[in-house]
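Chemist:
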Amino acid sequence: CGALAGQLPEWKSLKFVFLAEALLMLPLALLCVLAPGKFLTSGRGDDDAPLTTRRSLARSTMLERPSIAERVSVRVSEALTVSLVERARSQIRNSQIGVIATPPPSLPEQLRMLATNSVFIFSVLGIAAYTFLVQGVGFWTPTFVQTLLHMSQADTGYLLGAITVIGGIGGAMTGSTLLDKLLSKEPNFGAPPGARLEAAAKITTGFSILALPCVVPMAFIGSKIPFFLLLLVAQFCLFATTTPGVVMILEGVPEEIRSTALGVEACALHVLGDLPSQFLVGVVASAVSGGAEAGPKYAKGLRTGVFFIACYYTTAVVYFAIAWYLSKMRRKQSPASVVAPRLPPGGLETFQSTGDRDASV
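Mapped onto the working numbering, the consecutive letters of the sequence shown carry residue numbers 2 to 362.
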């Protein structure tokens, strides 16, 4: 899309860029509807899959394939079945440890719980500072490259687009894979309380520290190759924190208030991250350049603005490090874990009877 934007004669024609992005998402939307039902299960094997999933898979081997409407109906029923199964597992697990199911707290109570959750607060502050950097760099880097590195708009779009694709996809996959590797070393794939939170915070902090020495020097580099190499490594490290950052939010709060936590986190990263970053960088650049729109003064102001983004990102490293330390302390204070029961080989029909027997034990 960056390359496409570089070929457009006017900025108002960017509507075609948004149209291209929407068309790129269309296959993903169709995949979500037509994908095999196993993606809606808990990943515990074919024996544990819901009956509707096994029937749909068996039916797909017939000569007469079901229509799209029938597939959508099957997918919805599978999702509901998995939800009911997970709810039943939770009830059995709570009964084993003597926990009485209670209704979720009210919204004011949930907000109070989030406001007093130090791990959640520092995680959100770190993600907001990360967003501040990403949005600021994404907005001002094209201008920086065209002005200080003397590249055309088309070449800038091509290079920045390629770097974003390589660094973004590679970083996101690396962060997710490394998180799985760390959790695979834990009992029952990270089932002990606080294991997932600590692993996610550790990865997020580590890659944030690695990104810092790549981000800071970029404002003072006047050569193309070193600049783009640092930008590639920085984006790789930054996007590697994407999945662990979400896991920090989800695992850092009680299960019943995770939806509210995600909403608060989304609002915070917009208010503290992408909303002020572009404006503040422009203010810093204008103040240093004295309002100049070209020449050495403008270049100095632009470098100072980009350097301001990098300096602000140091707060993200501090916030993530504090969240990691707090997660380690929380895990040490957590009680022994309780392993969730598996579905019996008989499937959903025997789940209720098996659950009653386990609960009585």
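Glycine included, C-beta positions come from ideal geometry on N, C-alpha and C.
All of these numbers come straight from a predicted model, not from anything done at the bench.
Taking all protein chains shown into account, decide if Gly-207 is buried (16 or more other Cβ within 10 angstroms of its Cβ) or exposed.
Modeler: Numbered from its first residue, the sequence shown carries residue 207 at position 206. Buried.
Chemist: Considering only C-alpha positions, which residue in the set Thr-243, Leu-150 and Leu-25 is nearest to Val-125?
Modeler: To locate residue 125, count along the sequence shown from 1; it is residue 124. Measuring from the Cα of Val-125, the nearest candidate turns out to be Thr-243.
Chemist: Quick check: the Cα distance between Arg-331 and Ser-224, rounded to an integer number of angstroms?
Modeler: One-based indexing of the sequence shown puts residue 331 at position 330. One-based indexing of the sequence shown puts residue 224 at position 223. Distance between the alpha carbons of Arg-331 and Ser-224: 46 angstroms.
Chemist: If the criterion is Cβ atoms closer than 8 angstroms, does the pair Arg-304 and Phe-221 meet it?
Modeler: For the purposes of this step, residue 304 is taken as the residue at position 303 of the sequence shown. For the purposes of this step, residue 221 is taken as the residue at position 220 of the sequence shown. Yes. Within cutoff.
Chemist: What does the alpha-carbon distance come out to for the pair Val-307 and Pro-143?
Modeler: Here the question's residue 307 lines up with position 306 in the sequence shown. Here the question's residue 143 lines up with position 142 in the sequence shown. Each residue's alpha carbon lies about 12 angstroms from the other.
Chemist: Taking contact to mean 3 or more Cβ pairs, one atom from each stretch, closer than 8 angstroms, check whether the stretch 273 to 280 and the stretch 127 to 140 are in contact.
Modeler: Yes, the stretch 273 to 280 touches the stretch 127 to 140.
Chemist: Counting Cβ pairs closer than 8 angstroms, one from the stretch 109 to 128 and one from the stretch 256 to 275, do we hit at least three?
Modeler: Segments in contact, yes.
Chemist: Which whole-angstrom value is the C-beta distance of Val-138 and Ile-310, which I expect to be below 8 angstroms?
Modeler: Counting from one through the sequence shown, the residue named residue 138 turns up at place 137. Counting from one through the sequence shown, the residue named residue 310 turns up at place 309. Confirmed, Cβ separation roughly 6 angstroms.
Chemist: Output the distance between the C-alpha atoms of Tyr-150 and Leu-24, rounded to the nearest integer angstrom.
Modeler: By one-based count along the sequence shown, residue 150 stands at place 149. By one-based count along the sequence shown, residue 24 stands at place 23. First, the residue type needs correcting, since residue 150 is Leu and not Tyr in the sequence shown. Taking the straight line from one Cα to the other gives about 33 angstroms.
Chemist: Indicate whether Pro-245 and Leu-180 have their beta-carbon atoms separated by less than 8 angstroms.
Modeler: Start at 1 with the first residue of the sequence shown, and residue 245 comes out as number 244. Start at 1 with the first residue of the sequence shown, and residue 180 comes out as number 179. Contact: yes.
Chemist: Taking the alpha-carbon positions, what's the Ala-295 to Ala-286 distance?
Modeler: Within the sequence shown, residue 295 is the residue found at index 294, counting from 1. Within the sequence shown, residue 286 is the residue found at index 285, counting from 1. The alpha-carbon atoms of Ala-295 and Ala-286 are separated by roughly 12 angstroms.
Chemist: Give me, in chain order, the residues of the same chain whose beta-carbon lies closer than 7 angstroms to that of Val-289; leave out the 5 immediate sequence neighbours on both sides.
Modeler: To locate residue 289, count along the sequence shown from 1; it is residue 288. The answer, listed in chain order, is Lys-301, Gly-302 and Thr-305.
Chemist: So, for Leu-232: in the same chain, excluding its five sequence neighbours on each side, which residues have a beta-carbon less than 7 angstroms away from its beta-carbon?
Modeler: For the purposes of this step, residue 232 is taken as the residue at position 231 of the sequence shown. Ile-164 and Met-219, listed in sequence order.
Chemist: Since Met-219 is in the alpha helix (DSSP H), which residue starts that stretch and which ends it?
Modeler: Start at 1 with the first residue of the sequence shown, and residue 219 comes out as number 218. Segment: none, Met-219 is in no alpha helix (DSSP H) and carries neither H nor E.
Chemist: Less than 6 angstroms between C-beta atoms, sequence neighbours within five positions excluded: which residues of the same chain meet that for Met-249?
Modeler: Within the sequence shown, the letter at position 248 stands for residue 249. These residues qualify, in order along the chain: Ser-124, Ala-201 and Ala-202.
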